[in-house]
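These notes are about the structure you will find just below.
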Amino acid sequence: MPRRLATLFASGALALLATLAIASPAAAVTPAQRLSVLSSWTQTSASSYNSWNSARVNRAPWAEYNFNWSTDYCSSSPDNPLGFTFNLGCYRHDFGYRNYKSVGQFPTNKSRLDSAFYEDLKRVCATYNSIVRPACYSLAWTYYQAVSLFGSLAAVQQADIDRAAHLKAEAERQARTPA
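Mind the numbering: the sequence shown is residues -28 to -1, 1 to 151 in mature numbering (1 follows the signal peptide of the UniProt record, and there is no 0), read in order.
Structure representation (structure tokens):
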């Protein structure tokens, strides 16, 4: 009987320890760890974008990093101008701006964040057919120039969108006209 009691006590103690280990908070994320993840999610590559987007969709594992996931997408400019889906590129751009500002390292990272934004938009454009793709690239360049030069998409003017709309309409008209 004493051996059985000791076994029960030992297994109960192990279960209690296991519960405490799971329930106790993990070591806090260091600023260096936060910067490392932030940097990995704000590079110009498609893999960087895909990693960020995966985390955006499943934020729970990243909660202790305290990232700012808020966005206004493309600010006052259209999120999906002429039907081109720029909204997630704008979202990742906001993510980079907001989080680098919060750690006081925005000025040294702004140029890369803007370049990553442009690459994201160009990847979006590459998914459209070759007839309308030039209009998409034109808008991508306009959006990039607005953030690169002025730090905001508020600098995108309706005339810029109208110019791309004309380019898109003309390309579609030519594609419908028999040669």
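Quick reminder that beta carbons are idealized off the backbone N, C-alpha and C, glycines included. Note that the structure is predicted; figures quoted are calculated from it, not measured.
| Item | Value |
| --- | --- |
| Under the three-state DSSP convention, the category TRP34 falls into | helix |
| Exposure of HIS65, with buried meaning 16 or more beta-carbon neighbours within 10 Å | buried |
| Bounding residues of the alpha helix (DSSP H) (the contiguous stretch that carries PHE122) | 105 to 122 |
| Contact between the region 96 to 104 and the region 52 to 66 (3+ Cβ pairs under 8 Å) | yes |
| LEU54 - containing alpha helix (DSSP H), residue span | Run containing LEU54: none; DSSP gives neither H nor E here. |
| Proximity winner among ASN52, ARG28 and PRO33, relative to SER42 (alpha-carbon distances) | ARG28 |
| Cut-off 7 Å between Cβ atoms - residues of its own chain near GLY61, not counting five sequence neighbours on either side | PHE89, ASP92, LEU93 and VAL96 |
| Three-state class that DSSP yields for VAL128 in the structure shown | coil |
| Residues near ARG6 by beta carbon distance below 6 Å, same chain, minus five either side | TYR37 |
| Buried versus exposed, by CB contacts within 10 Å (16 or more), ASP134 | exposed |
| Nearest residue (CA-CA) to TYR72, options ARG145, CYS108 and VAL9 | VAL9 |
| CA nearest to the CA of SER87, picked from CYS108, GLN77, TYR115 and GLN146 | TYR115 |
| First through last residue of the alpha helix (DSSP H) which encompasses ASP92 | 78 to 97 |
| Best match in VAL104, PRO50, ARG148 and GLN77 for proximity to ALA4 [C-alpha to C-alpha] | GLN77 |
| Straight-line gap, GLY68 to ARG84 (C-alpha atoms, nearest Å) | 10 Å |
| Simplified DSSP assignment, three categories, for PRO150 | coil |
| Cβ pair ALA118, LYS140 closer than 7 Å | no |
| Of the residues TYR21, LEU111 and TRP34, the one placed nearest ASP51, counting alpha carbons only | LEU111 |
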